[in-house]
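First residue of the sequence shown: 1, per the numbering used here; consecutive thereafter. Take a look at the structure below.
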Amino acid sequence: MNLVRLVAHLGFCAAVAPAFAMAAPPPPLIPLPAQIGYADGAFHVDTHTPVVVADHNASTRRTADYLVGLTGNERGLHLQVKEHAASPKSIVLLRDPQAAVADPEGYTLDVTPQGIRISARDDAGLFYGTMTLAQLLTPDENHGAVSVPAMHIVDRPRFVWRGLMLDSVRHMQSVAEIETVLDQMARHKLNTFHWHLADDQGWRIEIKRYPELMRIGAWRTPINAGHDGQPLRYGGFYTQDQIRQIVAYAAARYITVVPEIDMPGHAQAAVASYPYLGVTGQRPAVSEDWGVHPYLYNVDDATFAFIDRVFDEVMALFPSRYIHVGGDEAVKDQWKASPTVQAKMHALGLKNEDALQGWFISRLGSYLSAHGRRLIGWDEILEGAVPANATVMSWRGVQGAIDAVKQGHDVVLSPSPDLYLDQLQSARADENAGRMPVSDLANVYAFEPVPKVLDATQAAHVLGAQANLWTEHMPTIAHVEHAIFPRLDALSEVDWSPAGARDWRGFLARLPVQFARYRKQQIGYADSAFAADITVDRMAALTRIASSLTITNQAGSGDLHYTLDGSVPTVTSPLYRTPLTVKLPLTVRVASFSRSGMPLASSRQRVLDRASLLSVSGNDMPNCPGSDFRLRVQPMPDVTSLSPNYSINVFDSCQLYPATPMDGIARIHVDGVQLPRNYQLAHDAKLVVSRPHSTPFGELVVHQDRCDGAVLATLPLPDPARSTRRFALDGALPAAHGSHALCLIYTAPIDGDLYALDRVSLLGEEKTPSVH
Ligand code: ACM
Numbered sequence: 001m002n003l004v005r006l007v008a009h010l011g012f013c014a015a016v017a018p019a020f021a022m023a024a025p026p027p028p029l030i031p032l033p034a035q036i037g038y039a040d041g042a043f044h045v046d047t048h049t050p051v052v053v054a055d056h057n058a059s060t061r062r063t064a065d066y067l068v069g070l071t072g073n074e075r076g077l078h079l080q081v082k083e084h085a086a087s088p089k090s091i092v093l094l095r096d097p098q099a100a101v102a103d104p105e106g107y108t109l110d111v112t113p114q115g116i117r118i119s120a121r122d123d124a125g126l127f128y129g130t131m132t133l134a135q136l137l138t139p140d141e142n143h144g145a146v147s148v149p150a151m152h153i154v155d156r157p158r159f160v161w162r163g164l165m166l167d168s169v170r171h172m173q174s175v176a177e178i179e180t181v182l183d184q185m186a187r188h189k190l191n192t193f194h195w196h197l198a199d200d201q202g203w204r205i206e207i208k209r210y211p212e213l214m215r216i217g218a219w220r221t222p223i224n225a226g227h228d229g230q231p232l233r234y235g236g237f238y239t240q241d242q243i244r245q246i247v248a249y250a251a252a253r254y255i256t257v258v259p260e261i262d263m264p265g266h267a268q269a270a271v272a273s274y275p276y277l278g279v280t281g282q283r284p285a286v287s288e289d290w291g292v293h294p295y296l297y298n299v300d301d302a303t304f305a306f307i308d309r310v311f312d313e314v315m316a317l318f319p320s321r322y323i324h325v326g327g328d329e330a331v332k333d334q335w336k337a338s339p340t341v342q343a344k345m346h347a348l349g350l351k352n353e354d355a356l357q358g359w360f361i362s363r364l365g366s367y368l369s370a371h372g373r374r375l376i377g378w379d380e381i382l383e384g385a386v387p388a389n390a391t392v393m394s395w396r397g398v399q400g401a402i403d404a405v406k407q408g409h410d411v412v413l414s415p416s417p418d419l420y421l422d423q424l425q426s427a428r429a430d431e432n433a434g435r436m437p438v439s440d441l442a443n444v445y446a447f448e449p450v451p452k453v454l455d456a457t458q459a460a461h462v463l464g465a466q467a468n469l470w471t472e473h474m475p476t477i478a479h480v481e482h483a484i485f486p487r488l489d490a491l492s493e494v495d496w497s498p499a500g501a502r503d504w505r506g507f508l509a510r511l512p513v514q515f516a517r518y519r520k521q522q523i524g525y526a527d528s529a530f531a532a533d534i535t536v537d538r539m540a541a542l543t544r545i546a547s548s549l550t551i552t553n554q555a556g557s558g559d560l561h562y563t564l565d566g567s568v569p570t571v572t573s574p575l576y577r578t579p580l581t582v583k584l585p586l587t588v589r590v591a592s593f594s595r596s597g598m599p600l601a602s603s604r605q606r607v608l609d610r611a612s613l614l615s616v617s618g619n620d621m622p623n624c625p626g627s628d629f630r631l632r633v634q635p636m637p638d639v640t641s642l643s644p645n646y647s648i649n650v651f652d653s654c655q656l657y658p659a660t661p662m663d664g665i666a667r668i669h670v671d672g673v674q675l676p677r678n679y680q681l682a683h684d685a686k687l688v689v690s691r692p693h694s695t696p697f698g699e700l701v702v703h704q705d706r707c708d709g710a711v712l713a714t715l716p717l718p719d720p721a722r723s724t725r726r727f728a729l730d731g732a733l734p735a736a737h738g739s740h741a742l743c744l745i746y747t748a749p750i751d752g753d754l755y756a757l758d759r760v761s762l763l764g765e766e767k768t769p770s771v772h
């Protein structure tokens, strides 16, 4: 059928172009489109509504099939794809060279009482319009037919690089799990999947020419291998067939996969496979530690021959214009200590090792350029002279991006900690493992990719923003999903929606429906932003009859319904409005709901009695002053459960117990845990605090008020070789009056395991703590 007639026949030409009015709240679309205008009426979509591939194009057909699959699975709304509109009441997908939005990723979407039409100049735009429609067809938790309000959407992305990085080295994901992530990226209109494939802890990409990378480099022996539920070895690699499958799966969703082979640092797995690539001539083990390692590639011709051949296979697998070469965290000690490397540096007339890294990266850039590709690397590549066409990914804050743009480079903003999804999203004691400080949902949402200091010409070098998920503390897809969602929703709006459309409250209002979609899609999203924080005035609760109880959540959004009888709260349970005056003992349970009663966060419980108030989780005990570093880790690196996890500071095991009325307190009980010290700290190793100890394995020393305050108890640690990883310490405390805080310091030798506090309980004369 003639396209113009089809369009006229469906009555779109006259019906669209309503006045732009933002009276109604926007429909639950994430990311928010560039422009939405509303009109009267609605279009009813049911199983009789055809999805018409109006341009008879194979990619449009694939997009239509994708839509039909999504609505069938998630709403039980089984639509049929048709090549022709038998009835005017249709959903029409049309690739049209005359479409209003010129951007290849842009589209228009019209809903009138007569039908729905998406038109775009390009396949990508049509796909994104269809992803918008998929959200319009799932506006609530209901099943089946849906009424879509009449509207006119004109949409295009703000940035061309809308990225997510996944680290498949520290922990791997299956092909199906990666496809789940790609599906979600597509639905959030993200278009760049940066895949971290080679690092100190593993080589994950099959390179046919170098089999030792797969035989040796892909495997590490975990700490405590074969014990405590640990496997004998951890690892694996993606075969070239699997990689082709992932690249094709991504391409069908308009996502480019950008592979990263990290160089010249993060090289330990490569050097373990082929020691000639390294500097020392020694063969290290593939690392089972996290952190910054000393192993670098050398700068010999044989090494560049290896890299070029690896690139040949990488380029054959990945059609991406960009190849990521890493460049981060290459401590230069090995280059400094090697006479061969030094000789080469001097022969090249380079003044120092940073310049040598610049030369190294330029060498990679030339090879990629000669093959029609472009180099992208982390911001350290700026430390040496890099090719003008190199693109810089700014991760150490945004300064790298500013510097790079001023030198004329394109940049992608993926600063730590803001866009690092392995940062915890809340400091709740029940949060999963990850890094501190917290980067919460609001923080990701507020991130502005274009630094203010750039003028308009410079700003054009900002390709977009990317979130990074490093997986040291994310051993399963459940960990990965918890870390990614819903912060990916926030990122999608940062990357796609116009800067002026950013509206935190509006975003929060659209999230309950998105959470409902996640539940249908079986995505393990985090509800941390809405989870209830139940706090009492601890001092009052411990000293007086009544205390004030406050319930909040991180986002300050949603209705908090509570019970005081231990039952699960529902929307009919009392709604929290102002602080409650309560008497202990008491069990408080709180669940969060949207205004319309959709679940926002599952119920959280707090048992409030004297024993539980005196028993504090290590995850709720701050670091001692002077050392902010903090991680939330699992008992062992590859443990697959989400909890328990423990807070550690690898530089100083010292935490504070809150101020507490000490009258009547006679004892301290500590549930402690011994954790592997599997961190490579490079030059920061000298910052690790070593404390004198008086018994062979060190002690837990309890100080009053301050870390240099009076010693109240010294509790010797068990022999790590003979004890289980979890242990209990008990000690008497001298009688004290009034309110005092405690400082708890582990003095264990720093060449041995790390120690953490699971829970610290103060007790009266009774013997055992009551732990909740
Ligand atoms: C990085 O986080 N090392 C890029």
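Note that the Cβ used here is the ideal one computed from N, Cα and C, for glycine as well. Model, not experiment: these values are computed from the prediction.
Discussion item. Using only CA atoms, which one of VAL462, PRO104, SER119, VAL299 lies nearest to PHE159?
Written reply: VAL462
Worksheet item: For HIS683, which of helix, strand or coil comes out of DSSP?
Response: helix
Discussion item. Out of PHE515, SER723, PHE651, ALA736, which one is the CA nearest neighbour of LEU713?
Written reply: In the sequence under discussion, the amino acid at residue 713 is Ala, which differs from the Leu named in the question. The shortest C-alpha separation from ALA713 is found at ALA736.
Worksheet item: What runs of the beta strand (DSSP E), each 3 residues or longer, lie entirely inside the stretch 222 to 310?
Response: 256 to 263, 290 to 292
Item to complete: Taking 8 Å as the threshold, find out whether the stretch 355 to 373 comes into contact with the stretch 304 to 322 through three or more Cβ pairs.
Response: yes
Practice prompt. Could you please give me the residues that DSSP links to ASN623 through a beta bridge?
Written response: GLN655
Discussion item. So, at 7 Å on beta carbons, what are the nonlocal neighbours of GLY408 in its own chain, with the 5 sequence-adjacent residues on each side left out?
Written reply: ALA388
Worksheet item: From what residue to what residue does the alpha helix (DSSP H) around SER369 run?
Response: 353 to 370
Worksheet item: Would you report the Cα separation of ASP379 and VAL412, rounded to the nearest angstrom?
Response: 10 Å
Practice prompt. Say yes only if the C-beta of SER394 is nearer than 7 Å to one or more non-hydrogen atoms of ligand 1, and no if none qualify.
Written response: no
Item to complete: Would you give the residue range spanned by the beta strand (DSSP E) that TRP335 belongs to?
Response: Taken as a continuous stretch (DSSP letters only), TRP335 belongs to no beta strand (DSSP E), being part of the alpha helix (DSSP H) at 333 to 337.
Worksheet item: In angstroms, rounded to a whole number, what distance separates the CA positions of LEU93 and THR60?
Response: 7 Å
Worksheet item: Taking 7 Å as the cut-off, is the CB of SER416 close to at least one heavy atom of ligand 1?
Response: yes
Worksheet item: Does at least one heavy atom of ligand 1 sit under 7 Å from the Cβ of GLU765?
Response: no
Discussion item. Does the distance between the C-beta of ASP328 and the nearest non-hydrogen atom of ligand 1 fall short of 7 Å?
Written reply: yes
Discussion item. I want to check one thing, is the minimum distance from the CB of TRP378 to the heavy atoms of ligand 1 below 7 Å?
Written reply: yes
Worksheet entry | Short Cβ contact (8 Å threshold) for PHE530 with SER592 | yes
Fill in: Length of the line joining the Cα atoms of LEU364 and GLY265
14 Å
Worksheet item: Would you report the Cα separation of ARG610 and HIS143, rounded to the nearest angstrom?
Response: 48 Å
Fill in: Secondary structure of THR63, DSSP reduced to three states
helix
Discussion item. Checking 8 Å against the spacing of the C-beta atoms, do TRP219 and ARG233 come in under that value?
Written reply: yes
Worksheet item: Can you pull the DSSP bridge partners for LEU757?
Response: GLY672
Practice prompt. Find out if the Cβ-Cβ distance for the pair VAL806, PRO104 is shorter than 8 Å.
Written response: Only positions 1 to 772 of the chain appear in the structure, and residue 806 is not among them; the question remains open.
Worksheet item: Does the Cβ-Cβ distance between ALA270 and ALA198 come in under 8 Å?
Response: yes
Worksheet item: What number of angstroms, rounded off, separates the C-alpha of PRO661 from the C-alpha of ASN443?
Response: 36 Å
Practice prompt. Measure how close the beta-carbons of GLY597 and VAL568 come, nearest whole angstrom, since I'm counting them as under 8 Å.
Written response: In fact, because the Cβ distance is near 15 Å, the residues do not count as touching under 8 Å.
Discussion item. Quick check on the burial criterion: 16 or more other C-beta atoms within 10 angstroms. Buried or exposed for ASP753?
Written reply: buried
Worksheet item: Thinking C-beta only, is LEU762 closer than 8 Å to VAL702?
Response: no
Worksheet item: Are the stretch 164 to 172 and the stretch 50 to 60 touching, with three or more C-beta to C-beta distances below 8 Å?
Response: no
Worksheet item: Cα-Cα, which of LEU454, GLN268, GLU765 is closest to ILE216?
Response: GLN268
Item to complete: Provide the residue(s) that pair with LEU70 in DSSP beta bridges, ordered along the chain.
Response: Note: LEU70 sits in no beta bridge, so no partner.
Discussion item. Can you look up THR47 in the DSSP assignment and give me helix, strand or coil?
Written reply: coil
Discussion item. On the criterion of 16 or more Cβ atoms from any shown chain inside 10 Å, does GLN80 qualify as buried, or is it exposed?
Written reply: exposed
Discussion item. Using 8 Å as the threshold, is the C-beta distance between GLY464 and ASP418 below it?
Written reply: no
Practice prompt. Measure how close the beta-carbons of SER497 and LEU32 come, nearest whole angstrom, since I'm counting them as under 8 Å.
Written response: 5 Å
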